[in-house]
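Novice: Quick note on numbering: the sequence shown equals residues 1 to 271 in full-length UniProt numbering.
Ideal Cβ placement from N, Cα and C applies to all residues, glycine included.
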Amino acid sequence: MVLDKQKLETELSIEGKNTDLPFCLHIFDTVASTNKTAWELLGKKPGSGCVVIAAQQTSGRGQWGRQWLSQEGGLYLSFGFSPQLDINLGYQLTLATAWGIAEQLRKYGIDVEIKWPNDLVLDSRKLGGILTETKVRAGKITQAVIGVGINWKNPVPPTGINLDVWNSQGNSANIPCLEKLAAVILLGIHSGIQCLEEEGVNILLSRYIKLLSNMGDKVYVNDEVSGTVVGVTNTGNLHLRRSSGGNITETPASIYLEPGTISLGYRKSSV
1 MVLDKQKLET
11 ELSIEGKNTD
21 LPFCLHIFDT
31 VASTNKTAWE
41 LLGKKPGSGC
51 VVIAAQQTSG
61 RGQWGRQWLS
71 QEGGLYLSFG
81 FSPQLDINLG
91 YQLTLATAWG
101 IAEQLRKYGI
111 DVEIKWPNDL
121 VLDSRKLGGI
131 LTETKVRAGK
141 ITQAVIGVGI
151 NWKNPVPPTG
161 INLDVWNSQG
171 NSANIPCLEK
181 LAAVILLGIH
191 SGIQCLEEEG
201 VNILLSRYIK
211 LLSNMGDKVY
221 VNDEVSGTVV
231 GVTNTGNLHL
241 RRSSGGNITE
251 TPASIYLEPG
261 TISLGYRKSS
271 V
């Protein structure tokens, strides 16, 4: 199911209207990894922006080195660019991308939420994920590749959902083809990064948290309540309000968990 480049460019012109989208498109049948291919393209033209889309990945990667199954029928794309961020602020790119994509999909009647830190969820199941990789020079992030996988018609595990099944359940996504979905996702990435660069991380975080599915969830460690989710910091850490004996104390302390410290479930928060 290779995307039609001309059709995608038409959809981008419709979605972006007068927006100057700073990248060139590269569409493939099969690649090992769209992120890997994007890095190769950035290496040939430093400072430029590129988008890589593939019908399949043979060695797709998720967060923390996990394999990302990338069978035909899904949307697998990577956006490479030069953000010029401080080294400790790289996770803001993931927050921006998650919010931007979720916000754009919601405009099409798809009530996507964000599961901290980088999953897009629909009806409490995983619709997609984000993997951000960066390169650093002199304390600055000088290059970044943001990989996104969205379930369209591909097989998914029990904790996942694809838009084809969701539509068959009586919902209407108003996104009739993969090219339209790709255009919406690319505009979402662009709008999220634009929000971060032009309006700042505090505005971005306020918008991200409004779509955070984990707000108010209790996080369990060794079957005991460790804290309740109350937000996310500007470096991507999960902000918990500490519990005592299963109850919130009158003067609760805060706990901050880095991405990768715990894995939040889809129906119950747990390590």
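Indicate the three-state DSSP secondary structure (helix, strand or coil) for Gln6 in the structure shown.
Specialist: Looking up residue 6 in the sequence shown gives position 6. Note: Gln6 maps to helix in three-state DSSP.
Novice: For Leu25, which of helix, strand or coil comes out of DSSP?
Specialist: Sequence index remark: in the sequence shown, residue 25 carries index 25 (1-based). Leu25: strand per DSSP, three-state reduction.
Novice: Within the continuous beta strand (DSSP E) that includes Tyr256, where are the two ends?
Specialist: Numbered from its first residue, the sequence shown carries residue 256 at position 256. Element bounds for Tyr256: 254-257.
Novice: Would you tell me roughly how many angstroms separate the C-alpha atoms of Ser263 and Trp116, rounded to the nearest one?
Specialist: As a first step, residue 263 must be located in the sequence shown, where it is residue number 263. As a first step, residue 116 must be located in the sequence shown, where it is residue number 116. Between Ser263 and Trp116, the C-alpha separation is close to 9 Å.
Novice: Rounded to whole angstroms, what is the Cα-Cα separation between Leu120 and Ser213?
Specialist: Within the sequence shown, residue 120 is the residue found at index 120, counting from 1. Within the sequence shown, residue 213 is the residue found at index 213, counting from 1. So the alpha carbons of these two residues sit roughly 9 Å apart.
Novice: How about Leu196 and Ala96: are their beta carbons less than 8 Å apart?
Specialist: As a working note, residue 196 is residue 196 in the sequence shown. As a working note, residue 96 is residue 96 in the sequence shown. For Leu196 and Ala96, yes; Cβs fall inside 8 Å.
Novice: Measure how close the beta-carbons of Phe81 and Gly49 come, nearest whole angstrom, since I'm counting them as under 8 Å.
Specialist: As a first step, residue 81 is located in the sequence shown; it is residue number 81 there, counting from the start. As a first step, residue 49 is located in the sequence shown; it is residue number 49 there, counting from the start. Contact flag correct, Cβ pair sits at about 4 Å.
Novice: Taking only the alpha-carbon atoms, compute the straight-line gap between Asn164 and Asn171 and give it to the nearest angstrom.
Specialist: By one-based count along the sequence shown, residue 164 stands at place 164. By one-based count along the sequence shown, residue 171 stands at place 171. The sequence given here has Asp at residue 164, not Asn. Cα to Cα, the separation comes out at about 10 Å.
Novice: Could you tell me which residues DSSP puts in a beta bridge with Leu127?
Specialist: Position 127 of the sequence shown, counted from the first residue, corresponds to residue 127. Note: Leu127 sits in no beta bridge, so no partner.
Novice: Taking DSSP as the reference, what is the three-state secondary structure of Val112?
Specialist: Taking the sequence shown and counting its residues from 1, one reaches residue 112 at position 112. Val112: coil per DSSP, three-state reduction.
Novice: Should Gly90 be flagged as near chain D, meaning a C-beta pair shorter than 8 Å?
Specialist: The structure shown contains no chain D; it is built from a single protein chain.
Novice: Specify the secondary structure class of Ile141 as computed by DSSP and reduced to three states.
Specialist: Reading the sequence shown from its first residue, position 141 is the one you call residue 141. In this structure, Ile141 counts as strand in the three-state DSSP scheme.
Novice: By how many angstroms is the C-alpha of Thr58 removed from the C-alpha of Thr30?
Specialist: In the sequence shown, residue 30 corresponds to position 30, counting from 1. In the sequence shown, residue 58 corresponds to position 58, counting from 1. About 7 Å.
Novice: With C-beta atoms as the reference, is Ile87 less than 8 Å away from Ile141?
Specialist: Within the sequence shown, residue 87 is the residue found at index 87, counting from 1. Within the sequence shown, residue 141 is the residue found at index 141, counting from 1. Yes, Cβ-Cβ distance for Ile87 and Ile141 is below 8 Å.
Novice: Quick check: the Cα distance between Leu75 and Leu25, rounded to an integer number of angstroms?
Specialist: Mapped onto the sequence shown, residue 75 falls at position 75. Mapped onto the sequence shown, residue 25 falls at position 25. Looking at the two C-alpha atoms, the distance is approximately 14 Å.
Novice: Helix or strand or just coil, what does DSSP make of Leu93?
Specialist: As a working mapping, residue 93 is identified with position 93 in the sequence shown. Leu93 falls in the helix class under three-state DSSP.
Novice: From Ile27 to Lys126, what distance separates their C-alpha atoms?
Specialist: Position 27 of the sequence shown holds residue 27. Position 126 of the sequence shown holds residue 126. Each residue's alpha carbon lies about 25 Å from the other.
Novice: According to the neighbour-count rule (16 or more other Cβ atoms, all chains shown, within 10 Å of its Cβ), is Glu103 buried or exposed?
Specialist: For this step, residue 103 is matched to residue 103 along the sequence shown. Flag for Glu103 reads buried.
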